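I have placed the structure first, in the form of structure tokens, so that the comments after it can refer back to it.
Number of protein chains: 2
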Amino acid sequence: MNPTRDERVRAGSRQRREQQKQDVRQAILDAAAALFAEHGYQGFSLRQVAEQIGYSATTIYHHFEGKDDLLFTVADEGFSRFGTQLVAASDGASEPLARLKAIGRAYVEFGLSYPTYYELMFIERADFMLGYRVGERKPRLGSLDIVAQTIQEGMDRGVIRPGVAATYANALWAAVHGVVAMHIALPVIDRAQAEATADAVLELVVTGLKG
Amino acid sequence: MNPTRDERVRAGSRQRREQQKQDVRQAILDAAAALFAEHGYQGFSLRQVAEQIGYSATTIYHHFEGKDDLLFTVADEGFSRFGTQLVAASDGASEPLARLKAIGRAYVEFGLSYPTYYELMFIERADFMLGYRVGERKPRLGSLDIVAQTIQEGMDRGVIRPGVAATYANALWAAVHGVVAMHIALPVIDRAQAEATADAVLELVVTGLKG
DNA sequence: TAAATACTGTAACAGTGTTAACTTAGTTTA
DNA sequence: TAAACTAAGTTAACACTGTTACAGTATTTA
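Protein chains in written order, with my numbering: chain R, 750 to 960; chain B, 750 to 960.
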């Protein structure tokens, strides 16, 4: 049975309304990302977001469960970009040690380029890495598994000293995270200095991995 | 001229009042440190401190300039303990590479033992490292200079590869900071795992420093 | 004794996240 | 077509936060 004219009108109307809702949701997200980048985690508030887009604060609660949900959605966008950049860097190098260095550099590059995203994703709300709802446990960091895999591969090939691949992966992660975290927390450590530190720590760790 | 009886009484009274004032100040500090350790940076509030010691919130402002001043004073106590532990570890080893490892271990040990202090001093309010008043610049981390000095010493002796000592020092700092920061931000990474990661990253960096 | 000083409390302001209750518009159903 | 329902928005309010202005009270000083 073909749809009647009434049905078509109603379908179109419903679709239009749904679109409007998505538009508002997207406006909230855009404003949130912009304001977050401007004011950082501490200075971010829902009322500012509402004001920015010309709605009352409570409207946000019709599109998100609350502040955490909104922030998590913003962070998820960051995790997506993050993963893309890391995978691209990984694909650019085939030899294990070179690949580890490339991933490490991409990691730091992301942190220095999007410091507020990094602050949200890995410092203030590192719990978001494990997902929003407490039981979720859907890992948002599959990109970091590449590190452990690459290290294991290097061990199998004999170019990386024997050991626990996961522990070495955590060590590498901690090293690059430390560089970015210090740069974000201490304005004294500017980008050039952070990059020099990153190069040094990557060189040292990778050299150490050789044995 | 000997003090009259009146003068002696007044002097005693003044001293007693001064003592009482210091007592209140100390009570504020103790309560602040305890509540901070319990609730962390985000959940810490002046009104809780006031309630804890049975004073109104405004009283705190007669003993400290505000929340920042109070937090900084708490942090300063942390910096003091931190410096003591690091110096002790440094004195326990004479050979440069062994000393670097000992300092690194002591650094992580401090972070894992006093996570809320660490959170305040190096994560949430890393600006306190440079002092409270903006122009101050009195470095609160002379203990970290030991690292650069030790590395320079190792280079002079030829047991550490040539390079910029300060950059290598920052790299080592970033590595241990990263371990502690991840442990504090991610409850998933428990103490044992953090210690294993710290051992690994120190081993790798120190091996890398050999050349 | 009178004036000055120091410490404390109450009340208030501006801001936060969040919830309840209400309006208004559009959709669905009887 | 009329009634019921749903969705998105509003305003008002609650319980917090850091901070400041002002008043009171006790003690010290002149």
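Don't be surprised by glycine CBs; every beta carbon is placed ideally from N, CA and C. Fair warning: this is a prediction, and the values are worked out from it, not measured in the lab.
Chain B within 8 angstroms of residue i, Cβ atoms only
i: R/Gly957; result: yes
i: R/Ile872; result: yes
i: R/Tyr804; result: no
i: R/Thr833; result: no
i: R/Glu944; result: no
i: R/Ala914; result: no
i: R/Met750; result: Its pLDDT being 47, under 50, R/Met750 is placed unreliably by the model, and the measurement read from it follows with that caveat. So no, R/Met750 is outside the interface.
i: R/Tyr917; result: yes
Residue i versus residue j: straight-line alpha-carbon distance, rounded
i: B/Leu795; j: B/Ile809; result: 8 angstroms
i: B/Ile909; j: B/Ile777; result: 48 angstroms
i: R/Val773; j: R/Leu869; result: 23 angstroms
i: B/Tyr856; j: R/Ala799; result: 43 angstroms
i: B/Leu846; j: B/Gly903; result: 7 angstroms
i: R/Gln898; j: R/Ile802; result: 45 angstroms
i: R/Arg848; j: R/Phe859; result: 16 angstroms
i: B/Gly841; j: B/His811; result: 43 angstroms
i: B/Phe821; j: B/Ala781; result: 11 angstroms
i: R/Gln769; j: R/Asp779; result: 15 angstroms
i: B/Ala920; j: R/Gln771; result: 45 angstroms
i: B/Gly792; j: R/Gln942; result: 33 angstroms
i: B/Asp723; j: R/Leu819; result: Here chain B has residues from 750 to 960 only, and residue 723 of chain B is not among them.
i: R/Phe785; j: B/Trp922; result: 28 angstroms
i: R/Gln901; j: B/Leu861; result: 28 angstroms
i: B/Ala838; j: R/Gly957; result: 23 angstroms
i: B/His788; j: R/Phe831; result: 31 angstroms
i: R/Val913; j: B/Asp939; result: 17 angstroms
i: R/Val896; j: B/Pro911; result: 28 angstroms
Short CB-CB distance (under 8 angstroms) between residue i and chain R
i: B/Ala923; result: yes
i: B/Val994; result: The structure shown does not extend to residue 994 of chain B, since chain B is modelled only from 750 through 960, so no value can be given for it.
i: B/Leu879; result: yes
i: B/Met904; result: no
i: B/Ala851; result: no
i: B/Val954; result: yes
i: B/Ala941; result: no
i: B/Gly891; result: no
i: B/Gly927; result: yes
i: B/Tyr961; result: Here chain B has residues from 750 to 960 only, and residue 961 of chain B is not among them.
i: B/Ala934; result: yes
i: B/Val937; result: yes
i: B/Ala930; result: yes
i: B/Ala875; result: yes
Exposure of residue i, with buried meaning 16 or more beta-carbon neighbours within 10 Å
i: R/Ala851; result: buried
i: R/Thr833; result: exposed
i: R/Ser805; result: exposed
i: R/His932; result: buried
i: B/Thr865; result: buried
i: B/Ala783; result: exposed
i: R/Gly827; result: buried
i: B/Val937; result: exposed
i: B/Ser829; result: exposed
Where residue i sits in the DSSP three-state scheme
i: R/Leu935; result: coil
i: B/Phe813; result: coil
i: B/Arg940; result: helix
i: B/Glu844; result: coil
i: R/Leu890; result: coil
i: B/Ile872; result: helix
i: B/Ala895; result: According to the sequence displayed, residue 895 of chain B carries Ile and not Ala. Correct three-state label for B/Ile895: helix.
i: R/Gln901; result: helix
i: R/Gln834; result: helix
i: R/Gln797; result: helix
i: B/Gln791; result: coil
i: R/Arg854; result: helix
i: B/Tyr867; result: helix
i: R/Tyr804; result: coil
Reference residue i; option with closest CA among the options
i: B/Glu844; options: B/Arg830, B/Asp894, B/Arg906 and B/Ala914; result: B/Arg906
i: R/Val928; options: R/Ile895, R/Phe877 and R/Phe871; result: R/Phe871
i: R/Ala918; options: B/Ala782, B/His812, B/Gly960 and B/Leu953; result: B/Leu953
i: B/Leu890; options: B/Ala824, B/Ala924 and B/Asp818; result: B/Ala824
i: B/Tyr790; options: B/Ala924, B/Ile900 and B/Ala934; result: B/Ala934
i: R/Phe813; options: R/Leu893, R/Gln775, R/Arg830 and R/Ala837; result: R/Gln775
i: B/Ala875; options: B/Ala945, B/Ile900, B/Val913 and B/His926; result: B/His926
i: B/Asp817; options: B/Glu873, B/Ala949, B/Val950 and B/Ile938; result: B/Glu873
i: B/Ala945; options: B/Asp894, B/Thr916, B/Arg854 and B/Ala923; result: B/Arg854
i: R/Ala949; options: R/Gln901, R/Ser892, R/His788 and R/Ala924; result: R/Ala924
i: B/Ala930; options: B/Lys959, B/Ala915 and B/Tyr867; result: B/Tyr867
i: B/Thr916; options: R/Lys959, R/Leu951 and R/Leu879; result: R/Leu951
Any non-hydrogen atom of the ligand GTP closer than 7 angstroms to residue i Cβ
i: B/Ala915; result: Within the structure as shown, the ligand GTP is missing, as the structure has no ligands at all.
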